[in-house]
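All remarks here apply to the structure that follows.
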């Protein structure tokens, strides 16, 4: 490739506690990253909300950890989250599914990003059963009333290493929300389509335009190395012919869309021996070519091999561009937290592109 990506450690103030299975979402309107939930051996399941200001690299608490406040989304990990606008309103962080102290969850909550107050949302339609989720495909459509959102899910976990026995694709329709507190689930496949992927958990889903890309995942002792494409218009799966240096089988990794490229980082494989990865691959969705990236690293070095972290695309800070004072100087992929075979972390890195 013609550029040299760089790992840059971000030194931040007010860092959240170490965690895995959390979510990180980029709020483009405010140039902030929002972390929700996760779990660790020390703190158990979390339901706190932390906000990282990318202009100052400082964290603040949006919602404190609480196990008794019924007005807050229950603590969980291995859930999914996305920032959406419902009915043309203010941005909200939608959080759904996952697992907590009481087991698997099948609920959907919305966090108002102005007041930082939670509300539980009623869902109707073909509602997927409770499950853990590692990622979702977020499709943003142009409608007559402006931007609108749909969230697609596939698979997920029934236990820590067993997939839910469900091969359907589901869409949470944010476009046609009939009331402020109601959303509709749509089952967009029947499970009988051919070709179609096997059940799995720990896979990545990422959207480019109206196309969803799924890589990897696992079920029991089997770990996958397939790249599947789901057309959200035709509702069809395909296994594309790809070339180049493709990733090995893995689960618990991230796939982040930056333009027409997908950046895959981390993950693990169980067999023949457990191994956690620290490599970076990029997939060009236009040429269908994989590349393994050679990434330089600024001191003290690159992130360690990690799983159950989360990542999001971020932009260069406007303050840096205008005043030359901020440290996030380039677009890239932000990585926060995660774990390996010996510990849980709260580091923050940027893959500068």
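Numbering (the working numbering), first residue to last: 4 to 356.
For every residue, glycine included, the Cβ atom is placed at its ideal position computed from N, Cα and C.
According to the Cβ coordinates, are residue i and residue j closer than 8 angstroms?
i           : j           : result
residue 161 : residue 170 : no
residue 269 : residue 209 : no
residue 285 : residue 301 : no
residue 234 : residue 214 : yes
residue 100 : residue 123 : no
residue 20  : residue 46  : yes
residue 239 : residue 273 : no
residue 164 : residue 221 : yes
residue 23  : residue 311 : yes
residue 137 : residue 207 : yes
residue 293 : residue 245 : yes
residue 97  : residue 111 : yes
residue 158 : residue 132 : no
residue 127 : residue 199 : no
residue 254 : residue 205 : yes
Can you name the residues that DSSP bridges to residue i?
i           : result
residue 135 : 160
residue 125 : 185
residue 141 : 154
residue 280 : DSSP output for residue 280 lists no bridge partner at all.
Going by CA-CA distance only, name the one from the options that's closest to residue i.
i           : options               : result
residue 80  : 313, 320 and 331      : 313
residue 252 : 267, 243 and 305      : 267
residue 243 : 259, 348, 288 and 316 : 288
residue 129 : 105, 139, 116 and 176 : 176
residue 104 : 94, 118 and 76        : 76
residue 71  : 87, 50, 54 and 57     : 50
residue 3   : 17, 58 and 16         : Lying outside 4 to 356, the shown extent of the chain, residue 3 is not represented and no answer is given.
residue 120 : 73, 303 and 318       : 73
residue 350 : 18, 275, 8 and 6      : 18
residue 92  : 152, 157, 337 and 48  : 152
residue 224 : 241, 202 and 211      : 202
residue 290 : 265, 254, 347 and 299 : 265
residue 88  : 65, 31 and 236        : 31
residue 249 : 260, 241 and 219      : 219
Assuming residue i contacts residue j under a Cβ cut-off of 8 angstroms, what Cβ separation, rounded to an integer in Å, is found between them?
i           : j           : result
residue 41  : residue 340 : 7 angstroms
residue 11  : residue 352 : 7 angstroms
residue 344 : residue 303 : Between residue 303 and residue 344 the Cβ distance is about 21 angstroms, and since that is not below 8 angstroms, they are no contact.
residue 15  : residue 61  : 7 angstroms
residue 154 : residue 139 : 5 angstroms
residue 373 : residue 299 : With the chain running from 4 to 356 in the structure shown, residue 373 is simply not present.
residue 374 : residue 230 : Absent from the structure is residue 374, since the part of the chain shown begins at 4 and ends at 356.
residue 134 : residue 107 : 6 angstroms
**Prompt:** Residue ranges of each alpha helix (DSSP H) run of no fewer than 4 residues wholly in the segment 283 to 327, ordered along the chain?
**Reply:** 321 to 326
**Request:** Jot down the residue ranges of each uninterrupted beta strand (DSSP E) in the segment 68 to 120, minimum 3 residues, whole runs only, in chain order.
**Result:** 83 to 88, 94 to 103 and 106 to 115
**Request:** Run through the segment 228 to 261 for me and flag every whole beta strand (DSSP E) of 3 or more residues, listed as ranges in chain order.
**Result:** 230 to 234, 239 to 241 and 257 to 261
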